[in-house]
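S.K.: I am attaching a structure below and will ask some questions about it afterwards.
2 protein chains.
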Amino acid sequence: MGCPRRLLLVSNSTMHGGGYLGHCQQHIQSFLGEKVKRVLFVPYALHDRDAYARTAREKFASLGYELDSIHESCDPVEAVRKSEAIFIGGGNTFRLLKALYDNRLIQEIRKRVLEDGIPYMGSSAGTNVATVSINTTNDMPIVYPPSLQALGLVPFNINPHYLDPDVKSTHMGGLREGAMLLVEGNKATLQGVTGARLFLSCCAVTDYSTEFDCPFTKATF
Amino acid sequence: MGCPRRLLLVSNSTMHGGGYLGHCQQHIQSFLGEKVKRVLFVPYALHDRDAYARTAREKFASLGYELDSIHESCDPVEAVRKSEAIFIGGGNTFRLLKALYDNRLIQEIRKRVLEDGIPYMGSSAGTNVATVSINTTNDMPIVYPPSLQALGLVPFNINPHYLDPDVKSTHMGGLREGAMLLVEGNKATLQGVTGARLFLSCCAVTDYSTEFDCPFTKATF
Ligand SMILES: [Ca+2]
Ligand SMILES: [Ca+2]
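These protein sequence lines map, in sequence, to chains A and B.
Residue 1 is where the first sequence starts when you use my numbering, and the numbers rise one by one after that.
Residue 1001 is where the second sequence starts when you use my numbering, and the numbers rise one by one after that.
In structure tokens, the structure reads:
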């Protein structure tokens, strides 16, 4: 392992009336910093990849970053290999995960994030696939991925758009709308404007309305 | 093909304050009639199969039917082979479908319903698995079935607990809470206390608030 992992896992792409990624734009800038110039965007979770890439490119341009969409590359694996930072956008989690498998990107993204330490940002479905598996998604299974195992960039699952108090798992966290999780090495920090409910293997079940630190040591990868 | 298929596909197992299957008990009696004495119950969609079978047995006893739960049989395939009628209860659709595959019941249930014409009743997840696939379920993928293809007892998909107007498919119907679909041969009749939204390949997209007939002729099985 070279650099420690760095992830910004956002619950949802828009907050009522706020525009695409508006509620987390300062977090994005502080997360990516000034060293990153270009972000590799993964639009697989939505059907219209061109339109999605335009929306994302416009937003990231306004924040001072160039954006390349992986669907415009003739060699997606090579695009990941050369990337400075990765952003996987929201949409349908099943469609997204299947496309990651179909394009053979799972191992390469894992390597870039866990070994090379490039920043990974996910929103909604992009947050879901960063976890152990997509078993906690609320999305419809509109396609059949070869597995529910996901990128495994963190050693727990997250339920973006968390609403349902019935869902219980010792290795699952629920991120409420507007919440985000900043992961740096083995430290996870909850951020954002709304309360979040977090129940990780390392912590008791608790409601958090402000920032806090939650070290996780049970990483199995 | 011997007898025409007969299915009663119920959207949900309980209506607010009505008790288990209370809102559809008259439909069940009229559907099963007096010839059926014993119903084979499939409790796979819930974790606690014993408790689920007790609940279902009690309800069916009150309606005049004996109930055998398939999980109490040492040979589930043989239980289906000998069954007079099948009722698959609600719960998690992924857990249910995986157990149907694990117990190798897909083909035998299809044969009994489509060739021998025994009555099939489904509620919620049990309605979902009666259709072409579970691609339209709202449930969480808590387990990974070997396929999303389901029993295919009708040539379309159904979204039980239908709420979401965004979901569009030419081969999908949405059954609102309290609604049920009675299928007899190639005729489908919408029943129940609430409106339903139905958009089948044979019909235009329409809201229905009363009963109506919808013949489907595109059955591909
Ligand atoms: Ca997950
Ligand atoms: Ca279905």
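C-beta atoms are modelled at their ideal positions from N, C-alpha and C, and glycine is treated no differently.
Take A:ARG49 and list the residues in its own chain whose beta-carbon comes closer than 6 angstroms to its own, dropping the five residues that flank it on each side.
M.R.: Hits under 6 angstroms: PRO43, HIS71.
S.K.: So B:GLU1084 and B:ARG1038 are in contact, right, with Cβ under 8 angstroms, and what is the actual spacing, rounded?
M.R.: 5 angstroms between Cβ atoms; contact.
S.K.: Taking the beta strand (DSSP E) that A:GLY18 belongs to, which residues open and close that run?
M.R.: Neither: A:GLY18 is in no beta strand (DSSP E) and is coded neither H nor E.
S.K.: Just the C-alpha distance for B:PRO1076 and B:ILE1106, rounded to the nearest angstrom, thanks.
M.R.: So the two alpha carbons sit approximately 11 angstroms from each other.
S.K.: Could you check whether the stretch 1137-1151 of chain B touches the stretch 142-154 of chain A, counting it as contact only if at least three pairs of C-beta atoms, one from each stretch, sit closer than 8 angstroms?
M.R.: Result yes; three or more Cβ-Cβ pairs closer than 8 angstroms.
S.K.: If I follow the unbroken beta strand (DSSP E) through A:ALA179, where does it start and stop?
M.R.: That run of the beta strand (DSSP E) goes 179-184.
S.K.: From the DSSP output, which residues share a beta bridge with A:MET121?
M.R.: Per DSSP, A:LEU8, A:PHE87.
S.K.: Would you kindly check if the distance between the Cβ of B:LEU1008 and the Cβ of B:GLN1029 is under 8 angstroms?
M.R.: It is not a contact, given that the beta carbons lie outside the stated cut-off.
S.K.: Are the Cβ atoms of A:GLU108 and A:ARG81 separated by less than 8 angstroms?
M.R.: Yes, the pair counts as a contact, with Cβ atoms nearer than the cut-off.
S.K.: Residues of chain A with CB under 8 angstroms from B:ILE1134, in chain order?
M.R.: Those are PRO141, listed as they occur along chain A.
S.K.: Rounded to whole angstroms, how far is the Cβ of B:LEU1097 from the Cβ of B:VAL1129, which I believe are closer than 8 angstroms?
M.R.: About 5 angstroms separates the two Cβ atoms, so the contact holds.
S.K.: Where does A:ALA130 sit, in a helix, a strand or coil, going by DSSP?
M.R.: Three-state DSSP puts A:ALA130 in coil, outside helix and strand.
S.K.: Going by C-alpha to C-alpha distance, which of A:SER13, A:CYS3, A:PRO4 sits closest to A:GLY126?
M.R.: The option with the nearest alpha carbon to A:GLY126 is A:SER13.
S.K.: Applying a beta-carbon distance threshold of less than 9 angstroms, which residues of chain B neighbour A:LEU175?
M.R.: The contacting residues do not exist; A:LEU175 stays about 15 angstroms from chain B at best.
S.K.: Taking B:GLY1019 as the reference, which of B:PHE1041, B:ILE1088, B:LEU1046, B:LYS1059 has the closest Cα?
M.R.: If we check each option's Cα against that of B:GLY1019, B:LYS1059 comes out closest.
S.K.: Could you tell me whether any Cβ in chain B is nearer than 8 angstroms to the Cβ of A:THR137?
M.R.: At least one chain B Cβ lies under 8 angstroms of A:THR137.
S.K.: Would you call B:ALA1061 buried or exposed, if buried means 16 or more other Cβ atoms sit within 10 Å of its Cβ?
M.R.: By the 10 Å Cβ count, B:ALA1061 comes out exposed.
S.K.: If A:SER69 sits next to A:GLY90, beta carbons under 8 angstroms apart, how far is it from one beta carbon to the other, in whole angstroms?
M.R.: So it is not a contact: roughly 15 angstroms between Cβ atoms.
S.K.: Return helix, strand or coil for B:GLY1022, following the three-state DSSP convention.
M.R.: B:GLY1022 falls in the helix class under three-state DSSP.
S.K.: For a contact meaning CB atoms closer than 9 angstroms, what does B:TYR1044 contact in chain A?
M.R.: Neighbours of B:TYR1044 on chain A: none; closest Cβ ~18 angstroms, over 9 angstroms.
S.K.: Please go through the stretch 1032-1068 of chain B and give each complete alpha helix (DSSP H) segment of 4 or more residues, from N-terminal end onward.
M.R.: With a minimum length of 4 residues, the continuous alpha helix (DSSP H) runs that stay inside the stretch 1032-1068 of chain B are 1049-1062.
S.K.: Using only alpha-carbon positions, find the residue among B:PRO1155, B:ASN1157, B:ASN1159, B:MET1140 that is nearest to A:ASN157.
M.R.: Minimum Cα distance to A:ASN157 is reached at B:MET1140.
S.K.: Closer than 9 angstroms between beta carbons: that is the criterion. Which residues of the stretch 107-125 of chain A meet it against chain B?
M.R.: Going along the stretch 107-125 of chain A in chain order, one finds no residue with a Cβ nearer than 9 angstroms to chain B.
S.K.: Can you tell me whether B:THR1136 is buried or exposed, with buried defined as 16 or more other CB within 10 angstroms of its CB?
M.R.: It is buried - the Cβ of B:THR1136 has at least 16 other Cβ atoms within 10 Å.
S.K.: Between which two residues does the alpha helix (DSSP H) holding A:LYS98 run?
M.R.: 93-102 is the extent of the alpha helix (DSSP H) around A:LYS98.
S.K.: Using the C-alpha atoms, what's the distance from A:GLY33 back to A:ARG95?
M.R.: One C-alpha to the other measures close to 30 angstroms.
S.K.: What number of angstroms, rounded off, separates the C-alpha of B:THR1055 from the C-alpha of B:GLY1117?
M.R.: When rounded, the distance between both Cα atoms is 26 angstroms.
S.K.: Could you check what DSSP says for A:LYS82 in three-state terms: helix, strand or coil?
M.R.: Three-state result, A:LYS82: coil.
S.K.: Please confirm whether A:LEU200 has its beta-carbon closer than 8 angstroms to some beta-carbon of chain B.
M.R.: Because A:LEU200 sits at a pLDDT of 46, beneath the cut-off of 50, its placement in the model cannot be relied upon, and the following sentence gives the value as read from the coordinates. By this cut-off, A:LEU200 is not an interface position.
S.K.: On a CA-only basis, which of B:ILE1088, B:LEU1040, B:ALA1045, B:GLN1026 is nearest B:GLU1066? Give me that one, please.
M.R.: Residue B:LEU1040 is the option with its Cα nearest to B:GLU1066.
S.K.: By Cβ distance below 8 angstroms, which residues in the same chain neighbour B:PHE1031 in space, the five residues on each side in sequence not counted?
M.R.: Taken in chain order, the residues that qualify are ARG1006, LEU1008, PRO1119, MET1121, LEU1182.
S.K.: Would you report the Cα separation of B:LYS1111 and B:ASN1103, rounded to the nearest angstrom?
M.R.: Taking the straight line joining both Cα atoms gives about 15 angstroms.
S.K.: Exposed or buried, what is A:ALA51 when buried is set at 16 or more other beta-carbons lying within 10 Å of its beta-carbon?
M.R.: A:ALA51 comes out exposed.
S.K.: Any C-beta of chain B sitting closer than 8 angstroms to the C-beta of A:LEU63?
M.R.: Cβ-Cβ to chain B under 8 angstroms: no for A:LEU63.
S.K.: So, is the C-beta of A:SER147 closer than 8 angstroms to a C-beta in chain B?
M.R.: Cβ-Cβ to chain B under 8 angstroms: yes for A:SER147.
S.K.: Between which two residues does the beta strand (DSSP E) containing B:GLN1191 stretch?
M.R.: Taken as a continuous stretch (DSSP letters only), the beta strand (DSSP E) holding B:GLN1191 covers 1187-1192.
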